[in-house]
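The structure appears below as structure tokens.
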Amino acid sequence: MSTKLATRPCCLRSIAGETSCNAVDHRVAKFMVRWDGPYKVVRAWPESSLYELDLPQHSNAFPKFHSSLLKPHIPNDNSLYPSRAHAEPEPIFDPETGEDQHFVEKILDRRRRGRGWQYLIRWKDFGPEHDLWLPGSRVDNLEALDVYLRDLGLHSKVL
Numbered sequence: 010m011s012t013k014l015a016t017r018p019c020c021l022r023s024i025a026g027e028t029s030c031n032a033v034d035h036r037v038a039k040f041m042v043r044w045d046g047p048y049k050v051v052r053a054w055p056e057s058s059l060y061e062l063d064l065p066q067h068s069n070a071f072p073k074f075h076s077s078l079l080k081p082h083i084p085n086d087n088s089l090y091p092s093r094a095h096a097e098p099e100p101i102f103d104p105e106t107g108e109d110q111h112f113v114e115k116i117l118d119r120r121r122r123g124r125g126w127q128y129l130i131r132w133k134d135f136g137p138e139h140d141l142w143l144p145g146s147r148v149d150n151l152e153a154l155d156v157y158l159r160d161l162g163l164h165s166k167v168l
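Following this line, the structure appears as structure tokens:
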């Protein structure tokens with residue numbers, strides 16, 4: 010069973026009965042297919058079209074997927090498509106944790122979320138489009154947090 014997207018502007022009726030139209034872009038981002046990866050195939054069961062992937066340890070997903078949920082990864086050919094070259098640096102492998110890591114350049118801002126704080130992180134060797142809000146529990150051991158709080162005139166125990 011395949012789902013088809015409309016090729017003309019669509020009107021969506023909200024619960025309150027109001028109609029909202031998007032005539033400029035015919036597709037809505039939240040309904041678009043999102044691909045994640047690439048991941049290495051660890052094991053395959055061709056008779057049942059099942060594949061086991063090597064997912065990151067912090068992933069909560071079950072590592073086995075049906076072939077209908079997968080597609081082959083085709084890496085970018087920089088000689089054919091130079092404008093699509095990835096300028097982002099590769100993560101650095103940390104042998105202690107066994108995971109790939111990026112390093113924090115500095116903390117740009119903070120905001121209150123629930124009972125804690127979130128911090129806007131600028132990753133080293135990445136541009137501002139990759140800045141990310143992280144909870145205080147994930148940045149409390151970073152030297153960049155101590156520097157940021159010192160610059161604000163606060164001590165590092167304030168999270």
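Every letter in the sequence shown is one number past the one before it in my numbering, and letter 139, counting from 1, is 148.
Don't be surprised by glycine CBs; every beta carbon is placed ideally from N, CA and C.
Treat the numbers as computed from the prediction; the structure is a model and nothing was measured.
- Assignment of Phe102 by DSSP, reduced to helix, strand and coil, places it in the strand class.
- Taking C-beta separations shorter than 7 Å and ignoring five residues to either side along the sequence, the partners of Gly46 in its chain run His82, following chain order.
- Distance from the CA of Ala53 to the CA of Leu79, rounded to the nearest whole angstrom, comes to 12 Å.
- Taking 8 Å as the cut-off, the beta carbon of Leu64 is found closer than this to the beta carbon of Tyr48.
- Counting C-beta pairs with one atom in each stretch, the stretch 101-108 and the stretch 116-132 have fewer than three that are closer than 8 Å, which means they do not touch.
- Closest in C-alpha terms to Phe112, from the list Ser88, Leu62, Leu141 and Asp160, comes Leu141.
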